[in-house]
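Data first, discussion second: the structure below is written as structure tokens.
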Amino acid sequence: MEPSGPLLVDTGRGLSIRYMDRWLYSRRDPTAAPLEAARSAAILPDTLYLAPSPCLCYGLAELVSRLPASSAALCVETDPRLRAIASRAVSEGLRAEAASGRVALCETREALSAYRALEAAVAARRFRRVVEVRLSGGRTVDERGYDGAIASVEADIGSRYRNRLSLVRMGRLWTKNLIANLGAMDWASVGPLRSGGKPVVACGAGPSLDSAIPYLRAARDSVFLLACDTAAGALAAAGLAPDAVVCLEGQVYNVADFLPLGAAASDEASPRAAVPGAVVDLSAHPSSFRALSGPKALTLSEWTDSAFLSRLSAAGLPVSAVPPLGSVGVLALRVAASLGGPIVVAGLDFSFYQGRTHCAGSPADLLSRRSETRTCKSAAAWDASFRDGRSRNGDGSLSDPALSMYASLAASELRLAAEQGVAAYDARGGLGAPLPATAPGEESLAGILRTARGACPEATFGSSADPELAAARARSFLEGELERAEAVAEALRRGSDDARLRSMLAEADFLYMHFPDPERVALLEDDALRRVAAEAAYWRGRLEDALSGPGDR
């Protein structure tokens, strides 16, 4: 009868392991295959080499000896008895490498934290990729567990690099918008959004909004209508001026989304002619603040770990910090949950259909209609239907990597809302990317909109402060950032010792956090510091402009 634990077998050419009715190494030459795997692995910089179930760690020392300073090896073991064997092998044969942060051993459930710790130890870099190296047959003991550990690390690295690419492309604009908005803010218009004790209908501009509009119109007075910026015009054109609009866009292009709201608000015959409230992110384009003239609740998307954003969060301003949700639709769900719910999801499809990407009356739909000719209709929508990277959902709708990511974030928001006791109902008629919400039929939806009113708590999103105090705090924050920019510029111009310069740069990270290689600033490399000097001059001008008072920026 085979022992229950791993059996170490001396083959005459090294130890092998017999476990769970299988050999984890060759019975003839146990070191040959792992040594070949270590020697043949492609060696790349900024790479995490992940070894599932390293067992006796054959080949690991050879692998680590080939790695550049910016790479490291992570051994992952799901079985506690095999992990004990691997732990002894690491402590006896790779003690120096483990002490230097080049090698680590962890359980599968600890893979994320272990790889981040390794990353922090190697040459102030970030890993760009994962390369799996199989140093034993132990992976077969728990294929699913190792697949999950590798996938979680790959997903984390991929997500971070998508965020880094977004930061490189948009970070400078977000910072510029934030500074301009703080300088021009009408703090008297800032205050919390109130649901009025009604169910919150979170509306996006997806194709499914068209089917929900008749039911929303019939129950208009009994719901709080929260519209994403791109859905606001379509709702207003249908006679459904929203109670509040959510805006996250840092670029100027979506200012046209708000034009129908001005027309609806100026229509004295309209029973709902009041100017809607708004939830606006401080990184949104300044034109959004000018176009949305009603009361505003402010958010701050913390798009990266930054001393600059941390100081702003602690500045005592009436601003609600939110994670980098990326999509205005996901932010709308976060706001809807904060307003107490229940949440009714309409038009937040995170997918589209061939030849049709948005609901009728949305800016994209109107632009498409204006651009139509006799032989060319819905050109942009059809182009999107056949672009690279698209995928098909179960309902026949199409998606792409960005929409899939936003759908995943939206699902996470609804699960979080459910944990907080906020119910969510899917009013998309079976269309769109799957979301964890109750999916009623049309009659059930009409019933929800009629009867949920009495079950809703009175809740708010956002906060207010004394306008003069808020203006003074915003000014103090901007003055502090100006002082930091000037101090860095002076140190770079006149010279400074390395420790003091590093400290100043870490404090003034808004000068370079949008660089594709910010780690080179921390290393005080000459070309990076020259770029920082140019940025310091640029941001000095921006901050002085913001401190000069409201103007046309």
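In this text, residue positions in the sequence shown follow numbering that gives the first Met the number 0: the first is 0, and each later residue adds one.
Beta carbons: idealized from backbone N, C-alpha and C, even for Gly.
Bear in mind the structure is a predicted one, so any value in this text is a computation, not a measurement.
CB-CB under 7 Å to residue i, same chain, minus the five flanking residues each way: which ones, in chain order?
i    : result
G92  : C56 and A60
A545 : I178, A179, L181, G182 and L477
A85  : P53, C54, C56, C74, E76 and L104
D508 : S305, A306 and F307
S407 : none
A314 : R472 and F476
P466 : W186 and A187
D155 : L111
A268 : At A268, the pLDDT of 44 sits below 50, so the modelled position is not reliable; the number obtained from the coordinates is stated separately. Taken in chain order, the list of residues that qualify is empty.
G157 : none
Just mark residue i as buried or exposed, buried being the case when its beta carbon has 16 or more other beta carbons within 10 Å.
i    : result
V251 : exposed
Y424 : buried
G232 : buried
G494 : exposed
G11  : exposed
S112 : exposed
S475 : exposed
E489 : exposed
D78  : buried
P275 : buried
G205 : buried
L164 : exposed
S15  : buried
R499 : exposed
A217 : exposed
Given a cut-off of 8 Å on the beta-carbon distance, is the pair residue i and residue j in contact?
i    : j    : result
S207 : R427 : yes
M169 : G249 : yes
P515 : V167 : yes
W496 : L523 : Note on identity: in this sequence residue 496 is Asp, with Trp being the wrong assignment. Not closer than 8 Å, so no.
G100 : A72  : no
T30  : G4   : no
L569 : A458 : Any question about residue 569 goes unanswered here, given that the chain covers just 0 to 552.
L347 : A409 : yes
A521 : R501 : yes
A110 : S151 : yes
P51  : R133 : yes
L481 : L542 : yes
A290 : F257 : yes
P191 : S462 : yes
T565 : A148 : Any property of residue 565 remains undetermined from this structure, which presents the chain solely from 0 to 552.
A283 : N176 : yes
L332 : E418 : no
V89  : A97  : yes
L247 : D280 : yes
L215 : A240 : no
Rounded to the nearest angstrom, how far is the Cβ of residue i from that of residue j, given a contact under 8 Å?
i    : j    : result
F349 : G293 : With 8 Å as the limit, F349 and G293 do not qualify as a contact, their Cβ atoms being about 28 Å apart.
L225 : V189 : Not really, about 18 Å apart at Cβ, beyond 8 Å.
G539 : A484 : Strictly speaking, residue 539 in this sequence is Arg, with Gly absent from that position. R539 to A484, Cβ: 5 Å. Contact.
A296 : V278 : 5 Å
A535 : L510 : 6 Å
S69  : D45  : 5 Å
A320 : A416 : Contact flag wrong, Cβ pair sits at about 18 Å.
V334 : V245 : 6 Å
R128 : L49  : That pair is no contact at about 10 Å.
Might you give, ordered along the chain, the residues of its own chain that have their beta carbon closer than 6 Å to the beta carbon of residue i, omitting 5 neighbours on each side?
i    : result
A532 : L491
G203 : C227, A230, G328, G346 and L347
A359 : D209
Y18  : P5
P571 : Here the chain has residues from 0 to 552 only, and residue 571 is not among them.
A37  : G58, E61 and L62
According to DSSP, what are the bridge partners of residue i?
i    : result
I342 : V199 and A423
D399 : D399 is not bridged to any residue.
A50  : C74
G157 : Answer by DSSP bridge pairing: none, since G157 is not bridged.
R492 : Answer is none; R492 lacks a bridge partner.
R295 : Note that residue 295 is Lys in the sequence shown here, rather than Arg. In DSSP, K295 forms a bridge with V189 and A277.
F476 : In DSSP, F476 forms no bridge with anything.
C56  : The partner list for C56 (beta bridge, DSSP) is empty, contrary to what the question assumes.
F460 : L192
L225 : A201 and A243
V102 : A72
With hydrogens ignored, establish whether the beta-carbon of residue i is closer than 7 Å to any heavy atom of the ligand ATP.
i    : result
Y405 : This structure lacks the ligand ATP, and indeed carries no ligand of any kind.
Give every residue of the same chain whose Cβ lies closer than 8 Å to the Cβ of residue i, excluding the five residues on either side of it in the sequence, and list them in chain order.
i    : result
F223 : S194, G195, K197, P198, V199, V200, D242, A243 and L338
A41  : V130
S396 : D348, S350, F351, Y352, L430, G431 and A432
A470 : M184 and W186
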